[in-house]
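Enquirer:
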Amino acid sequence: MSLTAEIIAKAESLDAIRAGMTALADVRKGFSYKAAGHDPAGGVAADDDRPAAGSPSDGSLLVLGLMHPPNDPRLDWWERGDSWGNRRLREISDKLRQWLRDAHGLKARPLPYHLEKGGIFLKDAAVLSGLGVIGQSNLLLHPQWGPRIRLRSIWIAADLPPTAAITGFNPCETCERYCQKACPVGAFPEGRYSRPKCYQQMDADVANEVAEGEVDPGGNPAWVIKYCRQCELTCPVGA
Ligand code: B12
-16 MSLTAEIIAK AESLDAIRAG MTALADVRKG FSYKAAGHDP AGGVAADDDR PAAGSPSDGS
44 LLVLGLMHPP NDPRLDWWER GDSWGNRRLR EISDKLRQWL RDAHGLKARP LPYHLEKGGI
104 FLKDAAVLSG LGVIGQSNLL LHPQWGPRIR LRSIWIAADL PPTAAITGFN PCETCERYCQ
164 KACPVGAFPE GRYSRPKCYQ QMDADVANEV AEGEVDPGGN PAWVIKYCRQ CELTCPVGA
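For the sequence shown, the working numbering begins at -16 and goes up steadily by one.
Now the structure itself:
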């Protein structure tokens, strides 16, 4: 078994996790960096573990996807500054970091979620590593779970063979765009995703925080933001 295959198998032995491997340098060349106008060499926060930014040998990304099933909405709730799904992904990333070090002597570093804190564009990384394709919803569609998957990545200081991007999986080609029709703010004018429109909904979700979270010892429930998932939950792929 190749080292990449062994690492993927270890990650996928964890509950509700799928994984892929890609080169960091390839993600930096991706659509999102171009669209967002980021300096391609500035996407990932440098530290002493990593070759200099822009080096041709920039290491690899282990891309993790966690299933977010509709019957467990809590995974997606933002509560006390993070979502429950993200907390789980952080725990998993840390376990895998330790395993990569102990089992293979590899230096690895879980990357943050936010770009401004040193994260990367995760959907691009997921497409390149074969976890899915980008749908008409502008979301990553996994063949079994559709868009109901959340992403995270671990940077590894080694150039590992990548896993292949998916071919022949084009579920939106024959679909009636339920995702776009379901959007409460019409965030797909002319069939293309509009970030400013989507933000109208996200801002409304923030304003509609509800006290339904974990109850503290004083008996007070935490405030929760339930971000809209209409484009995601109406997608027939994997449903
Ligand atoms: C900022 C952000 C937001 C912002 C802005 C979103 C935006 N797309 O601009 C707001 C708050 C509005 C938002 C909303 C949502 N988000 Co958001 N968001 C992010 C974040 C942090 C960065 C995304 C970003 O800025 N992208 C850059 C912009 C320029 O590109 P883009 O619109 O995403 O489109 C690019 C891709 O589609 C790509 N692309 C298109 N085709 C192809 C083909 C190939 C081959 C490749 C490589 C790339 C590629 O190129 C496009 C640019 O040209 C990521 C996490 C991360 N670190 O990546 C999560 C993330 C994208 N969000 C996520 C989710 C789930 C949501 C919401 C459903 C809300 C929610 N409940 O969490 C909505 C869905 C909106 C939608 N339909 O796209 C998930 C997506 C999971 C998935 N299955 O795809 C992510 C990955 C976070 C996670 N926890 O896993 N989000």
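A virtual CB, placed ideally from N, CA and C, is assigned to each residue, including glycine. Remember, predicted model here, so these are calculated numbers, not experimental data.
Less than 7 Å between C-beta atoms, sequence neighbours within five positions excluded: which residues of the same chain meet that for W128?
Expert: Residue numbering aside, residue 128 sits at position 145 when the sequence shown is read from its first letter. Excluding positions up to five away in sequence, the list reads M50 and G221.
Enquirer: Can you give the Cα-Cα distance for P144 and G68, rounded to whole angstroms?
Expert: Your numbering for residue 144 matches position 161 in the sequence shown. Your numbering for residue 68 matches position 85 in the sequence shown. So the two alpha carbons sit approximately 28 Å from each other.
Enquirer: So, is R135 buried or exposed, given that buried needs 16 or more other C-beta atoms within 10 angstroms?
Expert: As a working note, residue 135 is residue 152 in the sequence shown. Counting Cβ neighbours within 10 Å, R135 comes out buried, since at least 16 surround it.
Enquirer: Given the structure, does R92 come close to the ligand B12, in the sense that its CB is under 7 Å from one of the ligand's heavy atoms?
Expert: Locating residue 92 in the sequence shown gives position 109, where the first residue counts as 1. No - the ligand B12 has no heavy atom lying nearer than 7 Å to the Cβ of R92.
Enquirer: Does the count of Cβ pairs from the region 54 to 64 and the region 206 to 215 closer than 8 Å reach three?
Expert: yes
Enquirer: Which ranges does the beta strand (DSSP E) cover as unbroken runs of at least 3 residues, wholly within the region 48 to 115, from first to last along the chain?
Expert: 91 to 93
Enquirer: Determine, using beta-carbon pairs with one atom in the region 90 to 102 and one in the region -13 to 0, whether at least three such pairs fall under 8 Å.
Expert: no
Enquirer: Taking 8 Å as the limit between beta carbons, can you name the residues of its chain near G196, skipping five residues before and five after?
Expert: What you label residue 196 is simply residue 213 of the sequence shown in a count that begins at 1. Excluding residues within five positions, the ones whose Cβ falls inside 8 Å are W60, E62, R63, P204, A205, W206 and V207.
Enquirer: Looking only at its chain, what residues have a beta carbon closer than 6 Å to the beta carbon of L(-3), apart from the 5 residues adjacent to it on each side?
Expert: Residue mapping note: residue -3 aligns to position 14 of the sequence shown, counting from 1. Counting only Cβ-Cβ distances below 6 Å, and skipping sequence neighbours, we find I75.
Enquirer: Would the beta-carbon of N54 be found less than 7 Å away from any heavy atom of the ligand B12?
Expert: Here the question's residue 54 lines up with position 71 in the sequence shown. The ligand B12 never approaches N54 closely enough for any of its heavy atoms to be under 7 Å from the residue's Cβ.
Enquirer: In angstroms, rounded to a whole number, what distance separates the CA positions of D199 and V189?
Expert: In the sequence shown, residue 199 corresponds to position 216, counting from 1. In the sequence shown, residue 189 corresponds to position 206, counting from 1. Each residue's alpha carbon lies about 21 Å from the other.
Enquirer: Which residues mark the beginning and the end of the alpha helix (DSSP H) in which L7 is found?
Expert: In the sequence shown, counting from the first residue as 1, residue 7 sits at position 24. That run of the alpha helix (DSSP H) goes L7 to R11.
Enquirer: Can you tell which of C155, A108 and T150 has the C-alpha that lies nearest to the C-alpha of Q119?
Expert: For the purposes of this step, residue 119 is taken as the residue at position 136 of the sequence shown. Residue C155 is the option with its Cα nearest to Q119.
Enquirer: Out of curiosity, what's the CA-to-CA distance linking G48 and G115?
Expert: Translated into the one-based positions of the sequence shown, residue 48 becomes position 65. Translated into the one-based positions of the sequence shown, residue 115 becomes position 132. Cα-Cα distance, rounded: 10 Å.
Enquirer: For V168, which residues from the same chain have a beta carbon less than 6 Å from its beta carbon, with the 5 sequence-adjacent residues on both sides left out?
Expert: Stepping through the sequence shown from its first residue, residue 168 is reached at position 185. The answer, listed in chain order, is K180, Q183 and Q184.
Enquirer: Rounded to whole angstroms, how far is the Cβ of V110 from the Cβ of A148, which I believe are closer than 8 Å?
Expert: Position 127 of the sequence shown, counting from 1, holds the residue named residue 110. Position 165 of the sequence shown, counting from 1, holds the residue named residue 148. Confirmed, Cβ separation roughly 6 Å.
Enquirer: I'd like the list of long-range same chain contacts for S112, defined as Cβ closer than 6 Å, with 5 residues on each side in sequence excluded.
Expert: The residue labelled residue 112 in the question sits at position 129 within the sequence shown. G3, M4, T5, V46 and T146.
Enquirer: Identify the continuous alpha helix (DSSP H) that holds L134 and give its terminal residues.
Expert: Numbered from its first residue, the sequence shown carries residue 134 at position 151. Element bounds for L134: not the alpha helix (DSSP H) but the beta strand (DSSP E), I132 to I139.
Enquirer: For A19, tell me which candidate among R178, C211 and E215 has the shortest Cα-Cα distance.
Expert: The residue given as residue 19 occupies position 36 in the sequence shown. The shortest C-alpha separation from A19 is found at R178.
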